[in-house]
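76 is the number of the first residue of the sequence shown in the working numbering; add one for each residue after it. Where a beta carbon is used, it is the ideal one built from N, C-alpha and C, also for glycine. Since we're looking at a predicted model, the values are computed, not measured. So the structure is just underneath, and the comments pick up after that.
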Amino acid sequence: MEQVKIIVAGPRGKMGTEALKLMEETEHFQLVACIDRKHNGEYIKDINGLPELEAKIYTDAEEALQSEDADVLVDLTTPETGFLHAKLALEHNVRPVVGTTGFTAEQLAELERLSQEKDLGVVIAPNFAVGAVLMMQFAKWAAKYFPDVEIIERHHDQKLDAPSGTAVKTAELIQEVREAKKQGHEKEQETIEGARGADFDGMHIHSVRLPGLIAHQEVVFGATGQTLTIKHDTYHRQSFMSGVKLAVDSVQKVNTFVYGLENLLE
Ligand code: NAP
76 MEQVKIIVAG PRGKMGTEAL KLMEETEHFQ LVACIDRKHN GEYIKDINGL
126 PELEAKIYTD AEEALQSEDA DVLVDLTTPE TGFLHAKLAL EHNVRPVVGT
176 TGFTAEQLAE LERLSQEKDL GVVIAPNFAV GAVLMMQFAK WAAKYFPDVE
226 IIERHHDQKL DAPSGTAVKT AELIQEVREA KKQGHEKEQE TIEGARGADF
276 DGMHIHSVRL PGLIAHQEVV FGATGQTLTI KHDTYHRQSF MSGVKLAVDS
326 VQKVNTFVYG LENLLE
């Protein structure tokens, strides 16, 4: 297989460290550099706890993209930074694979526009876990028959964005097939603000943040005399890495904007 030259942004993060292991274990992946907030000019192998990889660290993303010959930028940082990195990558003809969540609809539209302008592939995947992607697809299927639905997502308490990218993506998929409907009693009132969660096209999304959790979601459908619950749990961040691998391999074969790993699964 042809070598893929990759830059990883956020290498010390929880997802980033797993991505470095993936780079180390995958024969045709070559980590050429990393973008981090710290350790400018040092090498990944010199940072305590990171793998023995000969990749230079840059704190300036633009410098990294100018100095290194890369095919793909994998971003696992924060929403604001991830968006800037994806834009910069496209401007330097490097294909972004973005796992970072929390992009606004405007940011997604801007990246889609740039992808078209540059005729370059982009993959934005709010969830790289294949099980979670299936959970979203099953939820879309069920929503055709059960228009009353609430999404409960649970994540670790260090997560910056709420609701999660997966919950937003699930709601968007459901919206494609569900007739617009305001759920609950028409006279319903919150006696404490936020009690009913976020309102997305009349369905509600609830975000739970607790230490000990990683990434979990339940999509609960209700109809007369029955409920249907579709649930996915992530117990280890390794579960995301087969999706990262698929996205990196796929982004090179497309010149379109791909939002969601489900679009890469057969
Ligand atoms: P994390 O542990 O906080 O890691 C984020 C890393 O990004 C940190 O090392 C942070 O550095 C670094 N960073 C922040 N600003 C930066 C900048 N300007 N330049 C370079 N690096 C910067 O978070 P995580 O759990 O790994 O998650 C990262 C992102 O992936 C989040 O958006 C999360 O929601 C998302 N996520 C996606 C999936 C998926 O399947 N798509 C799964 C899990 C998580 P400091 O430590 O110095 O702040």
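Asked                                                                                                : Found
Candidates V149, H231 and T156, of which the one nearest P286 by Cα                                  : H231
Cβ neighbours of Q250 in the same chain (closer than 6 Å, five flanking residues each side left out) : D276
Per-residue burial, H281 [other beta carbons within 10 Å of its own, 16 or more giving buried]       : buried
DSSP-derived helix/strand/coil call for S282                                                         : strand
Meets three-Cβ-pair contact criterion under 8 Å: the segment 159 to 167 and the segment 125 to 133   : no
Closest residue to H291 among Q301, E268, P222 and A204 (Cα-Cα distance)                             : A204
Distance CB(A84)-CB(A145) smaller than 8 Å                                                           : no
CB of N202 within 8 Å of CB of L336, strictly                                                        : yes
Any non-hydrogen atom of the ligand NAP within 7 Å of K89 CB                                         : yes
Cα-Cα separation, V172 to P238                                                                       : 21 Å
Boundaries (first-last residue) of the beta strand (DSSP E) holding D324                             : Careful: D324 lies outside any beta strand (DSSP E), inside the alpha helix (DSSP H) at M316 to V326.
6 Å CB neighbourhood of E225 in its chain, flanking five on each side removed                        : H279 and V295
Residue from E93, E77 and Q78 whose Cα sits closest to the Cα of G318                                : E93
Residue interval of the alpha helix (DSSP H) (run including A164)                                    : P154 to E166
Beta-carbon spacing of R170, V147 below 8 Å                                                          : yes
L163 versus L303: straight-line alpha-carbon distance, rounded                                       : 43 Å
Buried/exposed call for M90, threshold 16 Cβ in 10 Å                                                 : buried
Inter-residue CB distance, D150 and G174 (contact presumed, cutoff 8 Å)                              : 7 Å
Beta strand (DSSP E) runs wholly inside the segment 230 to 311, at least 3 long, in chain order      : 273 to 275, 278 to 284, 290 to 298 and 301 to 309
Rounded C-alpha distance that separates G272 from E265                                               : 10 Å
Identity of the residue in V208, G206, G240 and A207 nearest L183 by Cα                              : G240
Rounded C-alpha distance that separates K96 from H311                                                : 14 Å
Below-8 Å beta-carbon distance, T304 vs any chain C residue                                          : Given the protein chain composition of this structure (a single chain), no chain C is represented.
heavy atom of the ligand NAP below 7 Å from K328 C-beta                                              : no
CB contact flag (P222, E254, <8 Å)                                                                   : yes
Assigned secondary structure, K113 (DSSP; H/G/I helix, E/B strand, else coil)                        : coil
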